[in-house]
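In order, the protein sequences belong to chains A and B.
For the first sequence, my numbering gives the first residue as 4, with consecutive numbering after it.
For the second sequence, my numbering gives the first residue as 10, with consecutive numbering after it.
Ideal Cβ positions, reconstructed from N, Cα and C, are used throughout, including at glycine.
Since we're looking at a predicted model, the values are computed, not measured.
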Amino acid sequence: MSLLATRQRPPRTAPTVAPRPGLWRRIRAAKWSYAYLAPMAVLLLAFVVYPIFASFGYTFYRWNGIGEPGDYVGLANFQQILHDRIFWGAVGHTFVYAFVLVPVQLVLALALALVLNNPKLKFALFFRTVYFIPVVTSAAVVGVVIQLMLANFGDSAGSLLAKTGVTDGQIDWLGDPHTALAVIILIGIWHTLGYNLVYFLAGLQTIPAELYEAAKLDGCGPVQSFFRITIPMLRQVGVVIVVLAFIGSFQVFDLVQVLTGGGPYFATEVVNTYIYHLAFGGSPGSAAQPDVGLASAASFLYGLLLIVFSALQVLALRGIGRRRAA
Amino acid sequence: MTSSNVSRRRLLHAAALGAGTMALGGGLSACSSGSPSASADALAYWDWYVTQAPWVDKEIELFEKAHSGVGVNKTTQQNAKYADLVALANRSGNPPDVFMIPQVPSVAEQVAKGWLLPLDEWATPEWQSRFPEGTFLEGANVFDGKVYSAPLKGSGPQLQLYIHHGVFKSVGLTNPDGSVKIPRTWDEVTSAAQTITKKSGGKSYGFGFGNADNIGVLAWWLDLFVRGAGAPGGAPTGPGLGMDYRVGKWTFGTDRAYADFLELLVEWKKRGFFHPNSVSLSDEAARAFFERGKFGMTVGGVWNQPEWTQHKFTDYSLVTLPSPTTTPQGYYYADPVGNGTFAAVSAKSKKAHEAFQWLDALTSPAAGRRWVQALNGVSAHPANNDPDGIDSKPFATFVGMTEQVLRGPVPLVRNPALAAVAPSAPKPDISDVVTGIYTGQIKDVQSELSSLADKKFQLFSDAVAAVAKKGKKVSTSDYVFPDWDPTKPYTTKKA
Chain A
4 MSLLATRQRP
14 PRTAPTVAPR
24 PGLWRRIRAA
34 KWSYAYLAPM
44 AVLLLAFVVY
54 PIFASFGYTF
64 YRWNGIGEPG
74 DYVGLANFQQ
84 ILHDRIFWGA
94 VGHTFVYAFV
104 LVPVQLVLAL
114 ALALVLNNPK
124 LKFALFFRTV
134 YFIPVVTSAA
144 VVGVVIQLML
154 ANFGDSAGSL
164 LAKTGVTDGQ
174 IDWLGDPHTA
184 LAVIILIGIW
194 HTLGYNLVYF
204 LAGLQTIPAE
214 LYEAAKLDGC
224 GPVQSFFRIT
234 IPMLRQVGVV
244 IVVLAFIGSF
254 QVFDLVQVLT
264 GGGPYFATEV
274 VNTYIYHLAF
284 GGSPGSAAQP
294 DVGLASAASF
304 LYGLLLIVFS
314 ALQVLALRGI
324 GRRRAA
Chain B
10 MTSSNVSRRR
20 LLHAAALGAG
30 TMALGGGLSA
40 CSSGSPSASA
50 DALAYWDWYV
60 TQAPWVDKEI
70 ELFEKAHSGV
80 GVNKTTQQNA
90 KYADLVALAN
100 RSGNPPDVFM
110 IPQVPSVAEQ
120 VAKGWLLPLD
130 EWATPEWQSR
140 FPEGTFLEGA
150 NVFDGKVYSA
160 PLKGSGPQLQ
170 LYIHHGVFKS
180 VGLTNPDGSV
190 KIPRTWDEVT
200 SAAQTITKKS
210 GGKSYGFGFG
220 NADNIGVLAW
230 WLDLFVRGAG
240 APGGAPTGPG
250 LGMDYRVGKW
260 TFGTDRAYAD
270 FLELLVEWKK
280 RGFFHPNSVS
290 LSDEAARAFF
300 ERGKFGMTVG
310 GVWNQPEWTQ
320 HKFTDYSLVT
330 LPSPTTTPQG
340 YYYADPVGNG
350 TFAAVSAKSK
360 KAHEAFQWLD
370 ALTSPAAGRR
380 WVQALNGVSA
390 HPANNDPDGI
400 DSKPFATFVG
410 MTEQVLRGPV
420 PLVRNPALAA
430 VAPSAPKPDI
440 SDVVTGIYTG
450 QIKDVQSELS
460 SLADKKFQLF
470 SDAVAAVAKK
480 GKKVSTSDYV
490 FPDWDPTKPY
500 TTKKA
């Protein structure tokens with residue numbers, strides 16, 4: 004009898020795994036978790052999910068927001084938005100804002116985080132607080148204060164630049180279409196720098212100090228340590244920071260609304276101020292009619308644009324992840 | 010849609026509105042006058058008057074003294090959000106007892122929605138007779154023969170050119186007797202601005218304004234300067250305004266006064282006559298800068314004066330309708346439609362009688378007299394508009410200017426069905442376009458103006474057609490008055 008013939012096969016029975024509890028039992032087991040989540044979920048459904056679907060219905064109407072919408076226009080609102088050069092200008096300004104602000108801000112935030120992460124630095128906590136203060140200050144307050152500063156001292160700076168020959172004449176920083184968006188981007192960088200600084204600091208503190216000590220023993224300088232240890236170790240947190248920074252930048256509204264209201268002549272109009280102006284009418288005191296239908300269509304189209312951009316971002320990140328795994 | 014869908018939707022609407030109203034209530038309490046009358050039984054009254062608030066507070070005080078047991082709880086809302094707040098309050102079924110009528114939606118629409126209470130029970134012919142003839146106009150403040158509102162304000166020149174005496178004197182812009190040389194023509198204005206900018210050594214500029222609030226300040230400049238040049242429509246501050254009734258169209262593209270003035274405006278800017286921060290200054294800041302002499306001339310309305318008076322700044326003059334020639338070719342025209350609708354009683358008010366008493370007090374000749382004395386503007390009651398009894402010299406000048414406001418065509422008199430016509434405004438509208446021209450973003454001025462005029466007429470024609478489709482006899486020709494001479498008063502005949 005061969006050895007093979009004498010080997011006994013294991014019995015064909017299912018592994019002894021405990022049966023999975025039912026959905027209701029699982030919910031009951033975590034009932035307090037659901038109870039704590041419920042208020043936020045209800046608010047989210049009422050004030051985020053419902054408006055998204057409700058506003059889609061409004062895209063087919065010409066409606067000033069008062070009473071029930073009755074003037075059905077089909078796809079005319081979408082057509083109007085797609086042919087509106089101000090909308091595309093606003094999309095352009097939003098992308099310029101995001102694609103200039105995010106890289107500059109991330110480089111600055113990382114540089115500052117490296118400095119503040121130095122254990123030998125005295126008053127590190129003080130500096131962290133100082134850099135974080137703008138974040139906790141409302142954009143509306145920041146906008147009003149900066150507007151007042153520029154109104155009162157902007158002409159002094161402008162005349163100094165003009166006298167020294169740097170500029171041809173005095174500059175109206177927020178009133179000149181060539182400088183207004185740049186000024187808003189600069190203020191945006193300063194205002195939200197603290198967020199990314201904190202994220203990077205948190206990331207840096209997860210890197211084991213032993214890695215740097217070992218690198219030092221191997222003769223690595225600070226630059227080599229930065230590129231060979233810091234950057235690779237920050238990659239994961241960096242991806243999250245980039246995604247969050249872009250999401251925040253694409254939602255820019257308050258700074259623009261307070262500083263320029265989208266002007267002069269739409270030179271700083273971003274998509275969210277464009278939608279706001281459509282939905283709530285024009286200027287105070289005037290009798291400009293709001294058009295909620297048109298605003299909803301613009302909002303929906305912008306949402307689609309952002310979904311496409313997010314999908315591209317996810318694909319790019321997956322590609323990076325795969326390359327890293329290989 | 011099933012009934013359950015409807016009820017869910019209604020529930021969510023109600024939840025959203027309830028939350029909004031609660032939030033609103035919190036916000037409102039922060040804005041209320043804080044008078045002793047701020048009790049639950051008091052009449053709720055909403056307005057957007059900020060600089061006029063002392064006058065309103067005084068009227069409340071006098072009203073409460075005269076009507077024992079009736080209080081008024083005033084809430085001054087933010088101007089920019091006023092229309093939304095009134096709409097929200099009406100949708101939630103909790104409107105104030107008396108409120109200033111918002112500009113959006115139209116009064117006709119507000120009446121159709123049942124927001125306003127007809128006042129006929131109290132607004133008897135005897136009561137109506139205290140106002141000037143023509144005050145109560147079907148389609149403006151009367152609908153289907155029922156009165157809904159009454160006027161507070163009369164018609165004055167909407168805009169003026171303000172002249173800072175100190176700046177003018179410091180650069181020698183004076184007459185032989187030492188008085189300030191007041192510019193009245195386009196050339197004189199240009200010359201004064203040039204002198205100030207050159208001779209002040211950088212301390213002052215010829216002109217300044219504050220355009221940051223997007224309230225259309227640059228359109229005010231266009232309006233003021235082109236009217237005197239013979240463009241009676243001026244620059245529209247609302248969707249249906251600014252039409253030249255001689256042809257029933259907007260004439261930006263065909264009347265050369267518009268392009269001529271805009272060319273001059275750009276020339277002034279190129280020559281450095283304007284304060285460099287004008288586009289990004291707020292209107293408030295610009296008012297303060299003018300007071301401090303940072304520029305010698307600005308354009309604005311009578312609403313500037315109370316604040317300057319409070320600051321004891323009275324060293325200025327005002328003129329209206331600066332024109333290319335010494336005699337204006339056009340004027341400001343009385344606005345019986347806009348002025349006729351001041352405030353209304355809510356159809357939901359449970360204290361309608363008291364609410365009317367408050368509206369009656371606000372629109373009384375005595376309140377109108379105090380309105381003028383508080384430098385707020387001219388009164389609906391002509392007897393109140395006597396410059397002789399006014400201490401403030403600049404304000405007396407303004408009140409005296411009412412003589413320059415002519416009676417013009419009123420399409421609603423000819424055809425009351427036009428009240429339902431509500432054209433929307435194009436975007437960009439005239440105030441955006443003038444800003445674009447000023448900042449150099451728009452190069453082809455004539456083409457932009459022609460295009461805007463066409464767009465406005467198209468939107469207007471669509472609005473007229475929409476009303477005609479509902480069976481009303483309206484036509485764009487209702488707005489044409491070919492026999493109107495803009496330099497003479499005009500009486501509109503009923504159709």
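Pick out whichever of Phe-269/A, Leu-309/A, Phe-229/A and Ala-248/A has its Cα sitting closest to the Cα of Val-118/A.
-> Taking the first residue of the first sequence as 1, we reach residue 118/A at position 115. For the residues Phe-269/A, Leu-309/A, Phe-229/A and Ala-248/A, the minimum Cα distance to Val-118/A belongs to Phe-229/A.
Between Asn-80/A and chain B, is there a C-beta pair that is closer than 8 angstroms?
-> Locating residue 80/A in the first sequence gives position 77, where the first residue counts as 1. Asn-80/A does not count as touching chain B.
Helix, strand or coil: which one does DSSP assign to Trp-312/B?
-> Walking along the second sequence from the start, residue 312/B turns up at place 303. Three-state result, Trp-312/B: coil.
For Tyr-254/B, does the count of other Cβ atoms within 10 angstroms reach 16, so buried, or fall short, so exposed?
-> Along the second sequence, one-based indexing puts residue 254/B at 245. Tyr-254/B comes out buried.
Are there 16 or more other CB atoms within 10 angstroms of the CB of Thr-500/B, so buried, or fewer, so exposed?
-> By one-based count along the second sequence, residue 500/B stands at place 491. By the 10 Å Cβ count, Thr-500/B comes out exposed.
Exposed or buried, Ile-149/A, counting other C-beta atoms within 10 Å across all chains shown (16 or more means buried)?
-> As a first step, residue 149/A is located in the first sequence; it is residue number 146 there, counting from the start. Here Ile-149/A is buried: its Cβ has 16 or more other Cβ atoms, across all protein chains shown, within 10 Å.
If Val-443/B sits next to Ala-228/B, beta carbons under 8 angstroms apart, how far is it from one beta carbon to the other, in whole angstroms?
-> In the second sequence, the residue the question calls residue 443/B occupies position 434. In the second sequence, the residue the question calls residue 228/B occupies position 219. Indeed they touch by this definition, with Cβ atoms about 5 angstroms apart.
Below-8 angstroms beta-carbon distance, Asp-232/B vs any chain A residue = Indexing the second sequence from 1 puts residue 232/B at position 223. Asp-232/B does not count as touching chain A.
Helix, strand or coil for His-173/B per DSSP?
-> Reading the second sequence from its first residue, position 164 is the one you call residue 173/B. Strand.
Contact set between Ala-270/A and chain B, taken where Cβ atoms lie within less than 8 angstroms | Counting from one through the first sequence, the residue named residue 270/A turns up at place 267. The answer, in chain order, is Thr-448 and Gln-450.
Tell me the start and end of each unbroken beta strand (DSSP E) in the segment 103 to 144 of chain B that is at least 3 residues and wholly inside, in chain order.
-> 107 to 109
Report the neighbours of Trp-193/A on chain B: residues whose CB is nearer than 9 angstroms to its CB, in chain order.
-> Counting from 1 along the first sequence, the entry for residue 193/A is found at position 190. Those do not exist, as Trp-193/A stays about 18 angstroms from chain B at its closest Cβ, beyond 9 angstroms.
Distance between Asn-313/B and Ala-89/B (C-alpha atoms, nearest Å) = Sequence index remark: in the second sequence, residue 89/B carries index 80 (1-based). Sequence index remark: in the second sequence, residue 313/B carries index 304 (1-based). Separation of Ala-89/B and Asn-313/B (C-alpha to C-alpha, rounded to the nearest whole angstrom) is 18 angstroms.
Is Arg-453/B close to chain A, meaning its C-beta is less than 8 angstroms from at least one C-beta of that chain?
-> Translated into the one-based positions of the second sequence, residue 453/B becomes position 444. Residue identity check: residue 453/B is Asp in the sequence provided, not Arg. No, no contact with chain A.
What first and last residue would you give for the beta strand (DSSP E) that runs through Ala-353/B?
-> Start at 1 with the first residue of the second sequence, and residue 353/B comes out as number 344. From DSSP, the beta strand (DSSP E) with Ala-353/B extends over 352 to 354.
Examine chain A for any beta-carbon lying closer than 8 angstroms to the beta-carbon of Val-288/B, and answer yes or no.
-> As a first step, residue 288/B is located in the second sequence; it is residue number 279 there, counting from the start. Val-288/B counts as touching chain A.
Whole-angstrom distance between Thr-485/B and Leu-427/B, CA atom to CA atom = Taking the first residue of the second sequence as position 1, residue 427/B is located at position 418. Taking the first residue of the second sequence as position 1, residue 485/B is located at position 476. Rounded to the nearest angstrom, the two C-alpha atoms are 10 angstroms apart.
Can you check the segment 64 to 140 of chain A for any alpha helix (DSSP H) of at least 4 residues that lies completely inside it and give the ranges in chain order?
-> 79 to 85, 88 to 119 and 127 to 139
Extent of the continuous beta strand (DSSP E) run through Val-81/B = For the purposes of this step, residue 81/B is taken as the residue at position 72 of the second sequence. 81 to 85 is the extent of the beta strand (DSSP E) around Val-81/B.
Kindly indicate if chain A contains any beta-carbon less than 8 angstroms away from that of Thr-444/B.
-> Mapped onto the second sequence, residue 444/B falls at position 435. Answer yes: the Cβ-Cβ gap between Thr-444/B and chain A drops below 8 angstroms somewhere.
For Leu-177/A, count neighbouring C-beta atoms within 10 Å of its own C-beta (all shown protein chains included) and say buried if the count is 16 or more, exposed if not.
-> On the first sequence, residue 177/A is found 174 positions in, with the first residue counted as 1. Classification for Leu-177/A: buried.
Can you list the residues of chain B that Asp-175/A reaches, using a CB-CB cut of under 8 angstroms?
-> Locating residue 175/A in the first sequence gives position 172, where the first residue counts as 1. Neighbours of Asp-175/A on chain B, chain order: Pro-285, Asn-286, Ser-287, Val-288 and Ser-289.
Does DSSP put Met-509/B in a helix, a strand or coil?
-> Residue 509/B is absent from the model: chain B starts at 10 and stops at 504.
In its own chain, which residues sit with a C-beta less than 6 angstroms from the C-beta of Ala-343/B, not counting the 5 before and 5 after it?
-> Indexing the second sequence from 1 puts residue 343/B at position 334. The answer, listed in chain order, is Ser-164, Val-414 and Arg-416.
The beta strand (DSSP E) enclosing Val-328/B, as first and last residue numbers = If you number the second sequence from 1, residue 328/B lands on position 319. Run containing Val-328/B: 325 to 328, per the beta strand (DSSP E) assignment.
Rounded distance between the beta-carbons of Ala-201/B and Ala-305/B, thought under 8 angstroms | Start at 1 with the first residue of the second sequence, and residue 305/B comes out as number 296. Start at 1 with the first residue of the second sequence, and residue 201/B comes out as number 192. Just to set this straight, residue 305/B is Gly in the shown sequence, not Ala. Yes, they are in contact, since the Cβ atoms of Gly-305/B and Ala-201/B sit about 7 angstroms apart, within 8 angstroms.
Cβ neighbour criterion (16 or more within 10 Å) applied to Asn-99/B = Locating residue 99/B in the second sequence gives position 90, counting from the first residue. Under this definition Asn-99/B is a buried residue.
Straight-line CA distance for Arg-131/A to Ala-205/A?
-> Taking the first residue of the first sequence as 1, we reach residue 131/A at position 128. Taking the first residue of the first sequence as 1, we reach residue 205/A at position 202. Computed Cα separation, rounded: 12 angstroms.
If you draw a straight line from the alpha carbon of Val-295/A to that of Asn-275/A, how long is it in whole angstroms?
-> Walking along the first sequence from the start, residue 295/A turns up at place 292. Walking along the first sequence from the start, residue 275/A turns up at place 272. Roughly 14 angstroms between the two C-alpha positions.
Buried or exposed: where does Ile-136/A fall if 16 or more other Cβ atoms within 10 Å of its Cβ makes it buried?
-> Along the first sequence, one-based indexing puts residue 136/A at 133. Burial call: exposed.
Is any beta-carbon of chain A found at less than 8 angstroms from that of Pro-403/B?
-> In the second sequence, residue 403/B corresponds to position 394, counting from 1. Judged by the 8 angstroms Cβ criterion, Pro-403/B is not in contact with chain A.
In the DSSP assignment, find the unbroken alpha helix (DSSP H) run with Phe-56/A in it and report its ends.
-> Indexing the first sequence from 1 puts residue 56/A at position 53. Phe-56/A -> alpha helix (DSSP H) spans 53 to 61.
Distance between Phe-365/B and Leu-327/B (C-alpha atoms, nearest Å) = By one-based count along the second sequence, residue 327/B stands at place 318. By one-based count along the second sequence, residue 365/B stands at place 356. The straight-line gap from Cα to Cα measures roughly 38 angstroms.
Min CB distance Asp-344/B to chain A below 8 angstroms | Position 335 of the second sequence holds residue 344/B. Judged by the 8 angstroms Cβ criterion, Asp-344/B is not in contact with chain A.
How many whole angstroms separate the CB atoms of Val-354/B and Val-59/B, which I take to be in contact at a CB cut-off of 8 angstroms?
-> For the purposes of this step, residue 354/B is taken as the residue at position 345 of the second sequence. For the purposes of this step, residue 59/B is taken as the residue at position 50 of the second sequence. Not really, about 23 angstroms apart at Cβ, beyond 8 angstroms.
Where the segment 108 to 129 of chain B meets chain A: residues whose CB sits under 8 angstroms from a CB there | Gln-112, Val-113, Pro-114, Glu-118 and Lys-122
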